[in-house]
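Structure record follows, encoded as structure tokens.
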Amino acid sequence: MSNVPSEKKLDHWKNECSHQKQVERGREGEGVGDKTSHLGMAAVNRYSGKVVVVTGGGRGIGAGIVRAFEVRGRALEQELLGTVFVPCDVTQEGDLQALISETLSRFGHLDCVVNNAGYHPPAQAPEETSAQDFRQLLELNLLSTYNLTKLALPHLRKRRGNIINISSLVGTIGQSQAVTYVATKGAVTAMTKALALDESRYGVRVNCISPGNIWTPLWEELAASTSDPSATILEGTLAQPLGRMGQPAEVGAAAVFLASEATFCTGLELLVTGGAELGSLLVFLSVTLLFAVSICVYVSLSIWMLRDSALSTLPCLSLQLFEGLKAYKGSDQQVRLFRPWLNMDRMLRSARRLCLPGFDKQELLECIRRLIEVDKDWVPDGNGTSLYVRPVLIGNEPSLGVGVVTRALLYVILCPVGSYFHGDSMTPVSLLADPTFIRAWMGGVGDYKLGGNYGPTVAVQQTAQEKGCEQVLWLYGPDHQLTEVGTMNIFIYWTHEDGVLELATPPLDGIILPGVVRQSLLDLARTWGEFRVVERKVTMRELKRALEERRVREVFGSGTACQVCPVHQILYEGKLLHIPTMENGPELIQRFQKELKAIQHSVVRQYGASAHDWMFPV
């Protein structure tokens, strides 16, 4: 079956699902008595004597709504006795006018309209849907609702009646391969709110119901059109925290509530979803820009694609990555990000490594900028303080299998942070260098900022602390190459064997994370031109010999959290190696720290000078 619905199939839904139902409730004994008739469905007793029109009432949700009104109006054993089914094409205004006329002719008034007629095409990509297909769906899902509402309003105003539109949860949160359907249902929800404002002066209430997965013939047909109907049905069932799909009768009960009980509700979107929207921490976001939600830290969420399920790869697979950058408040009170384009480059590179969806780097940076702009009051302005920014991208595919995901969640956490060091002093750290622990290896993913690179290091960090060390010096290979310090890059400032003063750091050879501060220190040092700057492998044997020959001046780590962190001891092969970092000032570390602070806090040294070009204004 083609993914693109045929005109014949749409015609079937325009007629079949657009049946109008009138329910006669008011028979007294065998006589007709007073006609408390309901077009579509009968309501609760307090709603007796009302007339309700329900489009699409032939089956599924529409039939459930009809039954719900009837149950509330008279005993169900009559099985919709008195209901009048009026076949019509809801996309034809003439048919709708005839429906209204028939209603008034039979019952003399109209109290409620339930716009339920609609159609959900099979999954299809935008390029598979023609403009004509989209127009047909618009006519059925949106224009029919508008036209029937327009024709019914003069009569509803007389009775201070109400309108109930059937939208969809995906009209708010989105759905994969359903652009046209989501567009029409999102428009129904928006139209409901706008109409509620206009009709409030007449006492007409306008609300909508957004169902989630409701087990209907249409749902069954859509599942049958997929490659694995059973898996599709299971996925739909598990999408709700309640662990089941809804029933048409439950939507009917919601419609009765809005029609009869909810007398102070208008412009309401009532979710009948089983909590499906709660499946992945997503609480009704408008999709394009990041929204901030305050708990203890600020969290912002955005959706790349969403049709959440309670079953996700997130808890059991490491299809996740993150970034870390900081926003600073300058001496001019302007908030700026430090070299954020480097983080965007690295994040996109990590996403491609995990086969997660790509993104426009400039667009994401603009989203982050606007988020911080909204929450700029959270950016501290004390010495060494900043706003930590953590973008996260995770796969949330509803599958237990290992494979390329088609669904992912992108969110951003903001958190104000203080200075890494107390006051102006810097506390050096001691390192455990144990070659039995390996952080990364050639051909692996050590040079990507992935969540899976960090969790396994916790146990080693604990071992280091048990041995009296604060951090881990990660070694690699039989020659015990120095790679990283904890989660930082490592630098050695020494006099090389050839007698030249040198700043050395391991090269980006596939196991080293390309740190932003690392690159910044290299750029600054090369700009100064006062000593040799190299990226090359350094082994523990070389470092031990340099220490014995008193050629080592400073050893330090670099990272977003600390900027530059001095090292004063290394526990290696059972021996504690003393590093004379603090005895040497540490002059280079302090110079780096001072220069970075001046750049990040935009200290203007000369009148009229602008901020450093590493800083991105918020």
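The opening position of the sequence shown corresponds to residue 1 in the UniProt record's numbering, with each subsequent residue numbered one higher.
For glycine and all other residues, C-beta sits at the position ideal for the given N, C-alpha and C.
D345 CB to nearest heavy atom of the ligand MN below 7 Å: This structure lacks the ligand MN, and indeed carries no ligand of any kind.
Examine the Cβ distances between the stretch 562-570 and the stretch 505-515 and report whether three or more of them are shorter than 8 Å. no
Can you grab the Cα-Cα spacing for the pair L521 / L356, in whole Å? 31 Å
Tell me the rounded alpha-carbon separation between A598 and G330. 9 Å
Under three-state DSSP, which class holds L610? Here residue 610 turns out to be Ser, not Leu, going by the sequence shown. Coil, per DSSP.
Hey, how far is the Cα of Q481 from the Cα of Q334? 42 Å
In angstroms, rounded to a whole number, what distance separates the CA positions of H612 and G529? 19 Å
Out of A224, R550 and T560, which one is the CA nearest neighbour of E583? R550
List, from N- to C-terminal side, the alpha helix (DSSP H) runs of 4 residues or more that fit wholly inside the stretch 521-580. 540-548
Classify S430: buried if its beta carbon has 16 or more other beta carbons within 10 angstroms, exposed otherwise. Buried, since its Cβ has 16 or more Cβ neighbours within 10 Å.
Assign L450 to one of three DSSP states: helix, strand, or coil. Here L450 sits in strand by DSSP.
State the Cα-Cα distance for the pair R541 and P478, rounded to the nearest angstrom. 11 Å
Reduced DSSP category for I599 - H, G, I as helix; E, B as strand; rest coil: helix
Considering R205, what are the terminal residues of the beta strand (DSSP E) in which it resides? R205 to P211
For L387 and T414, believed in contact at Cβ under 8 Å, the rounded distance: Sequence inspection shows Leu at residue 414; the Thr mentioned does not correspond to that position. Rounded, the Cβ-Cβ distance is 6 Å, consistent with contact.
Quick check on the DSSP output: what are the complete beta strand (DSSP E) runs of length 3 or more inside the stretch 106-147, in order along the chain? 112-115
Look at the alpha carbon of W494 and the alpha carbon of R532, and state the distance between them as a whole number of angstroms. 10 Å
Using a 10 Å radius around the Cβ and a threshold of 16 neighbouring Cβ atoms, would you call V618 buried or exposed? Residue burial annotation: V618 is buried, with at least 16 other C-beta atoms found within 10 angstroms of its C-beta.
Close beta carbons around I233, own chain, < 7 Å, minus the five adjacent residues each side: A223
Which full runs of the beta strand (DSSP E) of 3+ residues lie inside the stretch 436-507, going along the chain? 471-476, 481-485, 488-495 and 501-505
P398 to D434 span [Cα, whole Å]: Cα to Cα, P398 sits roughly 40 Å from D434.
Inter-residue CB distance, L513 and E484 (contact presumed, cutoff 8 Å): Sure, about 7 Å apart at Cβ, within 8 Å.
What separation, rounded to the nearest whole angstrom, lies between the Cα atoms of L195 and W614? 50 Å
Within this structure, are the beta carbons of A152 and L104 separated by less than 8 Å? no
Starting from I511, follow the alpha helix (DSSP H) in both directions and report where the run begins and ends. Run containing I511: none; DSSP gives neither H nor E here.
In the DSSP assignment, find the unbroken alpha helix (DSSP H) run with M191 in it and report its ends. V179 to E199
Presumed contact (8 Å Cβ cut-off) between A255 and I209, rounded CB distance: 6 Å
Are the CB atoms of V405 and L319 nearer to each other than 8 Å? Yes, these two residues count as a Cβ contact at 8 Å.
Contact check, residue 624 vs S558, beta carbons under 8 Å: Outside the modelled stretch of the chain, which goes from 1 to 618, sits residue 624, for which no answer is possible.
Report the rounded CA-to-CA distance for E277 versus L169, giving the unit in angstroms. 8 Å
With respect to the beta strand (DSSP E) encompassing E277, which residues constitute its N-terminal and C-terminal limits? DSSP places E277 outside any beta strand (DSSP E), giving it a letter other than H or E.
Contacting residues, own chain, Cβ-Cβ under 6 Å from M426 (five flanking each side not counted): P566
Count the C-beta pairs between the stretch 131-141 and the stretch 175-184 that are closer than 8 Å, then say yes if the count reaches three, no if not. Contact between the stretch 131-141 and the stretch 175-184 is present, because at least three Cβ pairs lie under 8 Å.
What residues are listed by DSSP as bridge partners for M615? F338.
Compute the Euclidean distance between the alpha carbons of R353 and Y448, then round it to the nearest angstrom. 8 Å
Out of S230, A525, A408 and Y420, which one is the CA nearest neighbour of L588? Closest by alpha carbon: A525.
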